[in-house]
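Peer 1: Residue 3 is where the sequence shown starts when you use the numbering used here, and the numbers rise one by one after that. The C-beta atom is built at its ideal place from N, Cα and C for all residues, glycine as well.
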Amino acid sequence: MVEYMEGTSRRRTESEGGGDRPGGRSARARARAEADVAHTCERVSADPRFVKLRRRFALQFALLVTTFLGGYMAYLFLSAYARDFMRVQIFDSINVALVLGIGQFLLTFVLAWAFSRNSAHAIDPLAEEIRDHARDEGRIDGRVMD
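1) For Glu18, count the other beta carbons within 10 Å of its own beta carbon; 16 or more makes it buried, fewer makes it exposed. Which is it?
2) Considering only the beta carbon of each residue, do Tyr77 and Leu102 sit closer than 8 Å?
3) How about Asp138: is its C-beta nearer than 8 Å to some C-beta of chain B?
4) At what residues does the alpha helix (DSSP H) containing Ile92 begin and finish?
5) Might you give, ordered along the chain, the residues of its own chain that have their beta carbon closer than 7 Å to the beta carbon of Ser81, omitting 5 neighbours on each side?
6) Contact between the region 54-70 and the region 122-132 is defined here as three or more beta-carbon pairs at a separation below 8 Å; is this criterion met?
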């Protein structure tokens, strides 16, 4: 049974494109392709537009997280330390705590919408420009990047 399993794994490796078969890629071709991709990634990471893109994303993400955690912590601390304020009746059996609790859900949806909208205007066009430039550069160098 061990011989059968070993033979099966050997056949599977050969049929998956391993080795120097015409249908598969040789180890040298794979290494060359990986080196080309690594070289392109190095060039893109040094591009000032890419640095600008990373900064925009980091700033947007930091603002998003800070706003969300600030709102959540405010609700948490009000619930723990301002019980009299949270108990104030707004309408019939609806109090400040319930309104602020539902406000947490609304805050989450508003932040997601704002993140998406800001990304569509400030991040996505720049990312697309960088991606197109990298693809064009790959074609000029004789490589076709996916």
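Peer 2: Result, derived from the coordinates:
1) The pLDDT assigned to Glu18 is 47, lower than 50, so where the model puts this residue is not dependable; a value taken from the coordinates is nonetheless given after this. Label assigned to Glu18: exposed.
2) yes
3) Note that chain B does not occur in the displayed structure, where there is just one protein chain.
4) Note, Ile92: premise wrong, no alpha helix (DSSP H); beta strand (DSSP E) at Gln91 to Phe93.
5) Met88 and Ala99
6) Contact holds: three or more Cβ-Cβ distances are below 8 Å.
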